[in-house]
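Colleague:
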Amino acid sequence: MSGFRLADGGRIDRRTKRNFTFDGKAQWGYAGDSLASALLAQGQMLFGRSFKYHRPRGILGAGVEEPNALVTVDRGPGRITPNLRAPSVALHDGLTATSQNRFPTLKTDLIAVNNVFSAFFPAGFYNKTFMWPRAAWEKVYEPIIRRLAGLGDSPTTRDPDHYDATYAHCETLVVGAGPAGIAAALEAAAGGGRVILIDEQEEIGGGALSDPAQWPWLEEASAKLAAMDNVTVLPRTTAIGHYHQNFVVAAERLTDHLSVDEAEGAREKLWRIRAGEVVLAMGAIERPLVFEGNDVPGVMLASAAKTFALRYGVAVGRKLVVMAVHDSGWRDALALHKAGVNIAAIVDMRRDVASELIEGARAARIACYQGYAVTGVSGGQAVKGVTIALAGVGKGQKIDCDAVLMAGGWTPTVHLWSHAKGSLRWDEAWGAFVPDKTHEDLRCVGACGGAWDYGKGLSGGLLPAPKPLHDSKAFVDFQNDVKARDIGLAVQEGFRSIEHIKRYTTNGMATDQGKTSNLNGLQIASGVLHRPVTEIGLTTFRPPYTPQSFGAILGHHKEALFQPLRKSVIDDWAAAQGAVYENVAQWRRARYFPQGSEDMDAAVARECRTVRSAVGVFDASTLGKIEVVGPDAAEFLNRMYTNPWKSLEPGRCRYGLLLGEHGFIIDDGVSARLAPDRFHLTTTTGGAARVLNMMEDYLQTEWSDLDVWLTSTTEQWAVIAVQGPKARRVIEPLVEGIDLSPEAFPHMSVREGKICGVDTRLFRVSFTGELGFEVNVPAEHGRAVWEAIWAEGQKHGAVAYGTETMHVLRAEKGFIIVGQDTDGTVTPDDAGLGWAVGKKKPDFVGKRSLARPDIVAPGRKQLVGLLTDDPQAVLEEGAQIVADPNQPVPMTMIGHVTSSYHSATLGRSIAMALVAGGRDRMGETLHIPMPDRTISAKVVAPMFYDAEGSRLNG
Amino acid sequence: MILIHCPYCEEARPEVEFAYGGEAHIARPVDPSTYSDEQWEEFLYIRNNPRGRHHERWRHTHGCGRFFNAVRDTVTDVFETTYKAGEARK
Ligand SMILES: [Zn+2]
Numbered sequence: 001m002s003g004f005r006l007a008d009g010g011r012i013d014r015r016t017k018r019n020f021t022f023d024g025k026a027q028w029g030y031a032g033d034s035l036a037s038a039l040l041a042q043g044q045m046l047f048g049r050s051f052k053y054h055r056p057r058g059i060l061g062a063g064v065e066e067p068n069a070l071v072t073v074d075r076g077p078g079r080i081t082p083n084l085r086a087p088s089v090a091l092h093d094g095l096t097a098t099s100q101n102r103f104p105t106l107k108t109d110l111i112a113v114n115n116v117f118s119a120f121f122p123a124g125f126y127n128k129t130f131m132w133p134r135a136a137w138e139k140v141y142e143p144i145i146r147r148l149a150g151l152g153d154s155p156t157t158r159d160p161d162h163y164d165a166t167y168a169h170c171e172t173l174v175v176g177a178g179p180a181g182i183a184a185a186l187e188a189a190a191g192g193g194r195v196i197l198i199d200e201q202e203e204i205g206g207g208a209l210s211d212p213a214q215w216p217w218l219e220e221a222s223a224k225l226a227a228m229d230n231v232t233v234l235p236r237t238t239a240i241g242h243y244h245q246n247f248v249v250a251a252e253r254l255t256d257h258l259s260v261d262e263a264e265g266a267r268e269k270l271w272r273i274r275a276g277e278v279v280l281a282m283g284a285i286e287r288p289l290v291f292e293g294n295d296v297p298g299v300m301l302a303s304a305a306k307t308f309a310l311r312y313g314v315a316v317g318r319k320l321v322v323m324a325v326h327d328s329g330w331r332d333a334l335a336l337h338k339a340g341v342n343i344a345a346i347v348d349m350r351r352d353v354a355s356e357l358i359e360g361a362r363a364a365r366i367a368c369y370q371g372y373a374v375t376g377v378s379g380g381q382a383v384k385g386v387t388i389a390l391a392g393v394g395k396g397q398k399i400d401c402d403a404v405l406m407a408g409g410w411t412p413t414v415h416l417w418s419h420a421k422g423s424l425r426w427d428e429a430w431g432a433f434v435p436d437k438t439h440e441d442l443r444c445v446g447a448c449g450g451a452w453d454y455g456k457g458l459s460g461g462l463l464p465a466p467k468p469l470h471d472s473k474a475f476v477d478f479q480n481d482v483k484a485r486d487i488g489l490a491v492q493e494g495f496r497s498i499e500h501i502k503r504y505t506t507n508g509m510a511t512d513q514g515k516t517s518n519l520n521g522l523q524i525a526s527g528v529l530h531r532p533v534t535e536i537g538l539t540t541f542r543p544p545y546t547p548q549s550f551g552a553i554l555g556h557h558k559e560a561l562f563q564p565l566r567k568s569v570i571d572d573w574a575a576a577q578g579a580v581y582e583n584v585a586q587w588r589r590a591r592y593f594p595q596g597s598e599d600m601d602a603a604v605a606r607e608c609r610t611v612r613s614a615v616g617v618f619d620a621s622t623l624g625k626i627e628v629v630g631p632d633a634a635e636f637l638n639r640m641y642t643n644p645w646k647s648l649e650p651g652r653c654r655y656g657l658l659l660g661e662h663g664f665i666i667d668d669g670v671s672a673r674l675a676p677d678r679f680h681l682t683t684t685t686g687g688a689a690r691v692l693n694m695m696e697d698y699l700q701t702e703w704s705d706l707d708v709w710l711t712s713t714t715e716q717w718a719v720i721a722v723q724g725p726k727a728r729r730v731i732e733p734l735v736e737g738i739d740l741s742p743e744a745f746p747h748m749s750v751r752e753g754k755i756c757g758v759d760t761r762l763f764r765v766s767f768t769g770e771l772g773f774e775v776n777v778p779a780e781h782g783r784a785v786w787e788a789i790w791a792e793g794q795k796h797g798a799v800a801y802g803t804e805t806m807h808v809l810r811a812e813k814g815f816i817i818v819g820q821d822t823d824g825t826v827t828p829d830d831a832g833l834g835w836a837v838g839k840k841k842p843d844f845v846g847k848r849s850l851a852r853p854d855i856v857a858p859g860r861k862q863l864v865g866l867l868t869d870d871p872q873a874v875l876e877e878g879a880q881i882v883a884d885p886n887q888p889v890p891m892t893m894i895g896h897v898t899s900s901y902h903s904a905t906l907g908r909s910i911a912m913a914l915v916a917g918g919r920d921r922m923g924e925t926l927h928i929p930m931p932d933r934t935i936s937a938k939v940v941a942p943m944f945y946d947a948e949g950s951r952l953n954g
Numbered sequence: 001m002i003l004i005h006c007p008y009c010e011e012a013r014p015e016v017e018f019a020y021g022g023e024a025h026i027a028r029p030v031d032p033s034t035y036s037d038e039q040w041e042e043f044l045y046i047r048n049n050p051r052g053r054h055h056e057r058w059r060h061t062h063g064c065g066r067f068f069n070a071v072r073d074t075v076t077d078v079f080e081t082t083y084k085a086g087e088a089r090k
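Sequence order for the protein chains is S and W. Per full-length UniProt numbering, the first sequence starts with residue 1, numbered consecutively. Per full-length UniProt numbering, the second sequence starts with residue 1, numbered consecutively.
Take a look at the structure:
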């Protein structure tokens, strides 16, 4: 037993006990304790096992900088949070915490590999290991390492909690509610503007919480802030990142400090705050010192011991030795002494220490060793004593103690300043980087701005030692188990940039992002390289400041709210019919309509056969639609599309092909001219927004002289495709005012009239090769018209068909789907659509590119049909095609399958493919190697059914 | 989250309302057929990638829908100015 509860003092409520468990063992503390303070009070020194070597580790700090004491808190199924820092976990009744990375128990870790395996884990271990034979890595090393190295386990079930989110705006945002932050908030609030003051701890006060002399002031200031209407105080809230223009994201923890029974509502709330001015008052973090044995449980920061004593009423040991290179170590030692903690000695590397500090120590009967350094720590799972030596190399002497406090100077917390791209300057007095310049309305106050008197000290945390650096087992980064010698090794192996040294050694790359290790690592590298730290630079801080739950970042944007699901007005009808859906872009579309026990193949075969023999009804409402209106509408489309549009008569339709300026197909669709100045355009389902954006771009920025208006009408029209030899008979009884006879209403034309008493734009078009109509009606009437057509269709044996059947039917006709049979590198000629390019047009988007040398060169991939030798073999879409299946691997791949189906109509499989020089290979047999066999197929024209097109007329 | 000033709406709005549109002031030739392959390549693909001031296009997609030009510092992401399409380079 080492630590204990002091007789009095602290901000804990000694009348209210809290019961909790740690590693299954019942423990208790007081209200106001942290998990760390409650366990320290019970004499617990061992909190965890280190990441790589499984070394026993205790508490280092009293705040978010804690690298060692990581615990998992279990609040029930799906509510398991690993890697929480014990000093930052508020104690509540029923808290269930466990230590991590130990096997089987914390005290008896069977894979404590610190001596056995340490030769395995030098700097660059992972880089070097990856160079070993791959098989050895997968079978031998990875399983071992996974067992050895690691942090907590992630939960395996769904997180049942929900997370809130909000936006906030204020004139002044203050991050950090220590004395400097509170003063800044009070000053800003006096001006009348909105002020938000946030702090990561359970209560505001920061450093003042560890200084009883400031408590009366703190109480007064807190009351004043609470009374002001224009001030919002948010404790338990971490500013995780500063983004452009003073946009600060902060996570408020709402329930984790409560027992599971008391917790109600959202677990966390993410604040997105836009502030006129941001004041950073984030304080400073004390630096550890780098010496042999500095990771034995019981070696901790002096400031942490002070916080445990004065804020929580806990002595971290019965006999303490302070190792300082900074005045603050002396001050903390004297404060601890005053609080009743026994300080045996203060060891300081410096010979010159301010006389009032020495006098103070002597008055407290504390032995003082100036010019000395700790050179070793005895004890395995707890400190038993230290060896100190003059200048770190002289004859050693032992001092018994059960805790060692390190005072290595202070590092201003500049993380958010750096997120904001604020520059830093090296401050020799601090031995640290402090804020310099920023273009944001942002300033640092108090310690994080370098403006607080911590006293004087040495910079550089590496203590002199009898052993050379390459033998030093002194730790720099506790969480990632990086030793001083690893940094030396990295430099020795040629790394010079601190960014490279960081990645090679993993110094500063753990979940604490090097809050206690960056500066020490930098200064050790500086020493080995014989270059000043300012030339080596500091690694970049990035959000989040501390690890953040994904739940809060996601907020409400999950499940049905993750992204919008677009449904057509006929969707409910399809659901009632038992449709199986697929998502196309953001749309949910009926894929097929199984009957009874049909699988997809059976349903699709039935739907295809019925469309070809009778009639089918298909919901095409998701097609993108754009209304193009204005005197220059035809001229505009003429410039956009490859096809000629000016000659198109009102009442007629045209298949339009849209290229990018690079000459490749990016969209297509059938469009109709309703009047000289009005077109009804259709686009692919996924391309609607992209095409409209592209058209607006040209219209606004290149051809602003054209008088044209573009309106998205995708959701204004419901579209019902009626396809098949009986299509005309189905709609005939429902249509008024349109002559449906083939002579009056030929293929590729459009008429306006009424259907079921509703206005319609009736297209006679076909994506199936059959006689076909597409009935456009205002969306609000779509369902009623669909049902009327469906009822009429029943008299003619109609089926409802889905996207899968639509795909098969169009493939039988060789119609492409942009994005499936094209991939952004396919020209009209490659796709066999050269006929759709207006040869006489002087210009259109992409025309110039069609004359580029690479586009006209022979051997381009061209769209062809494939018929497998085995008619029942259905090729896999995306499968690669080779000319010679017997060539050695890697084979020369000459193309790939783009579309492939079993065709019920033809009783065999069909496929389309992009193949190099494809149209010159007609009749050739090509090969598609698959894992289990090689499939052979003959190259044919991509037209499998009714080549002469006679079925279009019913 | 950057705030971008739309010169048409005359208001600073969050960047999620906007879409980036590539480098600004690259006019499509009146008659591309007169361009050599090299000139056309230059027009299609060759773009500036400066460290510092960058002239670029943005569209207020989820707002007024207008395209406009901006000068942004690529190091700091600070927008120096935004101006309407068709106005002279700033
Ligand atoms: Zn706007």
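For every residue, glycine included, the Cβ atom is placed at its ideal position computed from N, Cα and C.
1) Can you pull the chain S neighbours of residue 93 (chain W), defined as C-beta to C-beta under 8 Å?
2) Compute every distance between the C-beta of Gly63 (chain W) and the non-hydrogen atoms of ligand 1, then say whether any falls below 7 Å.
3) Could you check whether the region 57–73 of chain W touches the region 18–30 of chain W, counting it as contact only if at least three pairs of C-beta atoms, one from each stretch, sit closer than 8 Å?
4) So, helix, strand or coil for Thr34 (chain W), using DSSP?
5) So, does the region 702–709 of chain S touch the region 719–736 of chain S, judging by three or more C-beta pairs under 8 Å?
6) Okay, do the region 157–164 of chain S and the region 181–192 of chain S touch, 3+ Cβ pairs below 8 Å being the bar?
7) Can you list, in chain order, the residues of its chain with a C-beta nearer than 6 Å to that of Asn114 (chain S)? Leave out the 5 residues immediately preceding and following it.
8) State the beta-bridge partners of Ala284 (chain S) as determined by DSSP.
9) With hydrogens ignored, establish whether the beta-carbon of His60 (chain W) is closer than 7 Å to any heavy atom of ligand 1.
10) Going along the chain, which unbroken runs of the beta strand (DSSP E) with 3 or more residues stay wholly within the region 598–664 of chain S?
11) Just to check, is the beta-carbon of Cys608 (chain S) closer than 7 Å to a non-hydrogen atom of ligand 1?
12) Anyone know if the C-beta pair for Tyr592 (chain S) and Gly769 (chain S) falls short of 8 Å?
13) Following the continuous beta strand (DSSP E) through Asn583 (chain S), name the residue where it begins and the one where it ends.
14) Just to confirm my understanding: we take Phe495 (chain S), look at its own chain, exclude 5 residues before and 5 after, and list those with CB closer than 7 Å. What are they?
15) Nearest by alpha-carbon distance to Ile570 (chain S): which of S:Trp786, S:Leu95, S:Ile498 is it?
16) Could you pull out every residue in the same chain whose Cβ sits closer than 8 Å to the Cβ of Ala784 (chain S), ignoring the five residues on either side in sequence?
17) Is Arg57 (chain S) helix, strand or coil when you go by DSSP?
18) Among S:Pro466, S:Phe20, S:Pro412, which residue has its Cα nearest to the Cα of Ala447 (chain S)?
19) Name the chain S residues that come within less than 7 Å of Trp58 (chain W), Cβ to Cβ?
20) Is it right to say Glu792 (chain S) is buried, meaning 16 or more other beta carbons lie within 10 angstroms of its own, or is it exposed?
21) Got a sec: which bits of the region 236–267 of chain S sit with their beta carbon under 8 Å from any beta carbon on chain W, in order along the chain?
22) Just the Cα atoms here: how many angstroms apart are Ala429 (chain S) and Thr534 (chain S)?
23) Between Arg852 (chain S) and chain W, is the shortest Cβ-Cβ distance under 8 Å, so that the two count as touching?
24) Less than 7 Å between the CB of Tyr8 (chain W) and some heavy atom of ligand 1, yes or no?
25) So, for Val897 (chain S): in the same chain, excluding its five sequence neighbours on each side, which residues have a beta-carbon less than 6 Å away from its beta-carbon?
26) Are three or more beta carbon pairs between the region 165–179 of chain S and the region 271–287 of chain S nearer than 8 Å?
27) Secondary structure at Ala447 (chain S), three-state DSSP: helix, strand or coil?
28) Taking Cβ to Cβ, would you say Gly317 (chain S) is nearer than 8 Å to Gly298 (chain S)?
29) The beta strand (DSSP E) spanning Gln862 (chain S) covers which residue range?
30) Using CA coordinates, which residue listed in S:Gly313, S:Ala263, S:Ser355 is at the minimum distance from Gly340 (chain S)?
31) Along the region 651–675 of chain S, where does the CB come closer than 8 Å to a CB of chain W? Name the residues.
32) Examine ligand 1 and report whether any of its heavy atoms sits within less than 7 Å of the Cβ of Arg57 (chain W).
33) Is the beta carbon of His796 (chain S) less than 8 Å from the beta carbon of Val730 (chain S)?
Modeller: Judging by the given coordinates:
1) Residue 93 (chain W) is absent from the structure shown; chain W starts at 1 and stops at 90.
2) At least one heavy atom of ligand 1 sits closer than 7 Å to the Cβ of Gly63 (chain W).
3) Output reads yes: the region 18–30 of chain W touches the region 57–73 of chain W.
4) Secondary structure at Thr34 (chain W): helix, using DSSP grouped into helix, strand and coil.
5) In this structure the region 702–709 of chain S does not lie against the region 719–736 of chain S, because fewer than three pairs of beta carbons, one per stretch, are closer than 8 Å.
6) Judged by pairs of C-beta atoms under 8 Å, the region 157–164 of chain S does not touch the region 181–192 of chain S, as fewer than three such pairs exist.
7) Only weak support exists for where Asn114 (chain S) lies, its pLDDT of 48 falling under 50; the value from the coordinates is given anyway. Around Asn114 (chain S): Tyr53, Arg55.
8) BP columns for Ala284 (chain S) point to S:Pro412.
9) Yes, the beta carbon of His60 (chain W) sits closer than 7 Å to at least one heavy atom of ligand 1.
10) Runs of the beta strand (DSSP E) inside the region 598–664 of chain S: 616–619, 624–629, 653–659.
11) No, the beta carbon of Cys608 (chain S) sits no closer than 7 Å to any heavy atom of ligand 1.
12) No, they are not a contact pair.
13) Looking at the DSSP string, the run of the beta strand (DSSP E) that includes Asn583 (chain S) is 580–584.
14) Closer than 7 Å at Cβ, skipping near neighbours: Ile501, Tyr504.
15) Of the listed residues, the one whose Cα sits closest to Ile570 (chain S) is S:Trp786.
16) Beyond the five residues adjoining it in sequence on each side, Ala784 (chain S) comes within less than 8 Å, by CB distance, of Cys756, Val758 in the same chain, given in chain order.
17) Looking at Arg57 (chain S) - three-state DSSP - the assignment turns out to be strand.
18) S:Pro412 is the residue among S:Pro466, S:Phe20, S:Pro412 whose C-alpha sits nearest the C-alpha of Ala447 (chain S).
19) By Cβ distance, chain S contributes nothing, its closest Cβ being about 12 Å from Trp58 (chain W), past 7 Å.
20) That one is buried.
21) Within the region 236–267 of chain S, the residues whose Cβ lies closer than 8 Å to some Cβ of chain W are Tyr243, His244, Gln245, Phe247, listed in chain order.
22) Near 14 Å, if we compare the C-alpha coordinates of Thr534 (chain S) and Ala429 (chain S).
23) Arg852 (chain S) belongs to the set of residues whose beta carbon lies under 8 Å from a beta carbon in chain W.
24) Tyr8 (chain W) Cβ: within cutoff of ligand 1.
25) Within its own chain, the residues whose Cβ lies closer than 6 Å to the Cβ of Val897 (chain S), once the five positions on either side in sequence are excluded, are Leu875, Glu877, Ala879, Ala911, Ala913, listed in chain order.
26) Below 8 Å, enough C-beta pairs join the region 165–179 of chain S and the region 271–287 of chain S to call them touching: three or more.
27) The answer is helix: DSSP assigns Ala447 (chain S) an H, G or I state.
28) Contact flag set, yes.
29) Counting along the chain, the beta strand (DSSP E) containing Gln862 (chain S) begins and ends at 861–868.
30) For the set S:Gly313, S:Ala263, S:Ser355, the Cα lying nearest the Cα of Gly340 (chain S) is the one of S:Gly313.
31) Listed by position, the residues of the region 651–675 of chain S near chain W (Cβ gap below 8 Å) are Glu661, His662.
32) No - ligand 1 has no heavy atom lying nearer than 7 Å to the Cβ of Arg57 (chain W).
33) Inclusion of His796 (chain S) and Val730 (chain S) in the CB contact set at 8 Å is warranted, their separation being smaller than that value.
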